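K.L.:
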Amino acid sequence: MHLYGPGYPLAPTNGGRPVPAEADVAAYRAVMARLGLSRVVVVQPTSYGTDNRCTLDAVATLGDAARAVVVVTPAATPAGLARLHAAGARGARFHLLGGAPQGWEAVAPVAALVAPLGWHVQLQFDGNELPAREAMIRALPCPVVLDHIARFHPPGAPDSQPVRALLRLLETGRVWLKVSAPYHSSLAGPPDYRDVTAIARAAIGTASDRVVWASNWPHPNPPAHPVDEAALLDLLGHWVPDDATRRRILVDNPAALYGWPPPAKPG
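265 is the number that the working numbering gives to position 160 of the sequence shown; each next residue is one higher, with no gaps.
#1: Quick one: what's got a C-beta closer than 8 Å to A171's C-beta in the same chain, skipping five residues either side?
#2: On a Cα-Cα basis, can you pick out the residue from R158, H343, P236, Y363 that is closest to P296?
#3: Which same chain residues end up closer than 7 Å to V332 when comparing Cβ atoms and leaving out the 5 residues on each side of it in sequence?
#4: According to DSSP, simplified to helix, strand and coil, what is A192?
#5: Rounded to whole angstroms, what is the Cα-Cα separation between N233 and G261?
#6: Going by CA-CA distance only, name the one from L362, T311, T302 that's closest to D339.
#7: Cβ atoms of P123 and Y109: under 7 Å apart, would you say?
#8: What ranges does the beta strand (DSSP E) occupy inside the stretch 267–311, keeping only unbroken runs of at least 3 residues that lie completely in it?
#9: Is the Cβ-Cβ distance between N321 and A286 less than 7 Å?
#10: Does the count of Cβ pairs from the stretch 166–185 and the stretch 205–217 closer than 8 Å reach three?
#11: Is the stretch 133–142 touching the stretch 151–158, taking contact as three or more C-beta pairs under 8 Å?
#12: Under a three-way DSSP split, which group does L108 fall into?
#13: Taking the DSSP output, what are the residues bridged to Q149?
#14: Counting along the chain, where does the alpha helix (DSSP H) carrying W318 start and finish?
#15: With DSSP run on the structure shown, which of helix, strand or coil describes L245?
#16: Looking at the secondary structure, which residues open and close the alpha helix (DSSP H) in which H343 lies?
#17: Determine, using beta carbons only, whether V317 and P359 come nearer to each other than 7 Å.
#18: If you draw a straight line from the alpha carbon of H330 to that of P117, how long is it in whole angstroms?
#19: Where do the ends of the beta strand (DSSP E) carrying V136 lie?
#20: Please work out which residues of its chain come closer than 6 Å, Cβ to Cβ, to W281, disregarding the five sequence neighbours upstream and downstream, and give them in chain order.
#21: Can you tell me the Cβ-Cβ gap for L362 and I354, rounded? I've got them flagged as a contact below 8 Å.
#22: Anyone know if the C-beta pair for D252 and Q229 falls short of 7 Å?
#23: DSSP state of A187, grouped into three classes?
#24: Using 7 Å as the threshold, is the C-beta distance between R198 and Q227 below it?
In structure tokens form, the structure reads like this:
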């Protein structure tokens, strides 16, 4: 999810777009209480470019229940990265759909910088580019998280070449998938987003131990229809057939990816 607040300057690359209102720590704590969530990953919004202060201030307020995915440039120093790690950062974000401070040329250099810390790089782009990007992603020296069910525009069938490229990457053991925001790419729409559902199910069936869920609150660039986080969490139950796999996606996998202590087993 993302957090916003007054007093944090918008990046020139934001293009003057307004930020979501009432999207601060207090508002998200209410979402956590409503959904029964105890942990949170705050992802640097594109609105603030390379200035991670809003994200890191939120993580400091939320405490050890929170982790951050921040924007890192190839100019980052080991000392600067160590400070980000101490502040809760565990990944470097790349939004590659426009309005971001850097593009594909920065991914490999940043991956090399963050790999020694055990971080991942998080990539958001049109998944239909995956056949052309697959070799580059395979060569990165750190884990990779593909955002928003790989965000295929438009979604293809599970046997299409772009989705097959996604499944091959998941089979490497180094690539993760965030199952979130189906509304960004679905042409079928709510409530079941059946075109994206087919991709999510194929991915979960391929590598359920490298899938995490996210709300994408407060839904920047929202679709025309209302978005309810509870319905999105219920949708995961539609994608996942059993309690053990749901626990893996909601509890165990995030602990491994973001560096929380291993969770206690139920019972």
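In this text, a Cβ means the ideal position worked out from N, Cα and C, and glycines have one as well. Please read all numbers here as calculations on a predicted model, not as lab measurements.
P.N.:
To lay it out plainly:
#1: One-based indexing of the sequence shown puts residue 171 at position 66. Within the same chain, A171 has close Cβ partners R144, V145, V146, V147, A163, V164, G193.
#2: Residue mapping note: residue 296 aligns to position 191 of the sequence shown, counting from 1. It is H343 whose Cα lies nearest to the Cα of P296.
#3: Looking up residue 332 in the sequence shown gives position 227. Contacts found: Y288, H324.
#4: Counted from its first residue, the sequence shown places residue 192 at position 87. A192: coil per DSSP, three-state reduction.
#5: The residue labelled residue 233 in the question sits at position 128 within the sequence shown. The residue labelled residue 261 in the question sits at position 156 within the sequence shown. N233 and G261: Cα-Cα distance of roughly 8 Å.
#6: What you label residue 339 is simply residue 234 of the sequence shown in a count that begins at 1. The option with the nearest alpha carbon to D339 is T302.
#7: Along the sequence shown, read from residue 1 onward, the residue named residue 109 stands at position 4. Along the sequence shown, read from residue 1 onward, the residue named residue 123 stands at position 18. In this structure, P123 does not lie closer than 7 Å to Y109 by Cβ.
#8: The qualifying runs are 280–284.
#9: Position 216 of the sequence shown, counting from 1, holds the residue named residue 321. Position 181 of the sequence shown, counting from 1, holds the residue named residue 286. Between N321 and A286, the CB-CB gap stays under 7 Å.
#10: Because the criterion of three Cβ pairs below 8 Å is met, the stretch 166–185 and the stretch 205–217 touch.
#11: They do not touch, by the three-pair rule.
#12: Mapped onto the sequence shown, residue 108 falls at position 3. Residue state, collapsed to three classes: coil.
#13: Taking the first residue of the sequence shown as 1, we reach residue 149 at position 44. Per DSSP, none; premise fails for Q149.
#14: Locating residue 318 in the sequence shown gives position 213, counting from the first residue. According to the DSSP assignment, W318 belongs to no alpha helix (DSSP H) but to the beta strand (DSSP E) extending over 316–318.
#15: Locating residue 245 in the sequence shown gives position 140, where the first residue counts as 1. Coil at L245, not helix or strand.
#16: By 1-based counting over the sequence shown, the position of residue 343 is 238. H343: member of the alpha helix (DSSP H) spanning 334–344, first to last residue.
#17: In the sequence shown, the residue the question calls residue 317 occupies position 212. In the sequence shown, the residue the question calls residue 359 occupies position 254. Contact flag set, yes.
#18: Your numbering for residue 330 matches position 225 in the sequence shown. Your numbering for residue 117 matches position 12 in the sequence shown. Those two C-alpha atoms are separated by around 29 Å.
#19: Taking the sequence shown and counting its residues from 1, one reaches residue 136 at position 31. In the DSSP assignment, V136 falls outside any beta strand (DSSP E) and lies within the alpha helix (DSSP H) extending over 130–140.
#20: Here residue 281 is taken as the residue at index 176 of the sequence shown, counted from 1. Once the five neighbours on either side are set aside, the close Cβ partners of W281 are V250, R315.
#21: Start at 1 with the first residue of the sequence shown, and residue 362 comes out as number 257. Start at 1 with the first residue of the sequence shown, and residue 354 comes out as number 249. Not quite, the Cβ-Cβ distance comes to about 11 Å (not below 8 Å), so this is no contact.
#22: Residue 252 sits at position 147 when you count from the first residue of the sequence shown. Residue 229 sits at position 124 when you count from the first residue of the sequence shown. Yes, these two residues count as a Cβ contact at 7 Å.
#23: Locating residue 187 in the sequence shown gives position 82, where the first residue counts as 1. Correct three-state label for A187: helix.
#24: The residue labelled residue 198 in the question sits at position 93 within the sequence shown. The residue labelled residue 227 in the question sits at position 122 within the sequence shown. Taking 7 Å as the Cβ cut-off, R198 and Q227 qualify as a contacting pair.
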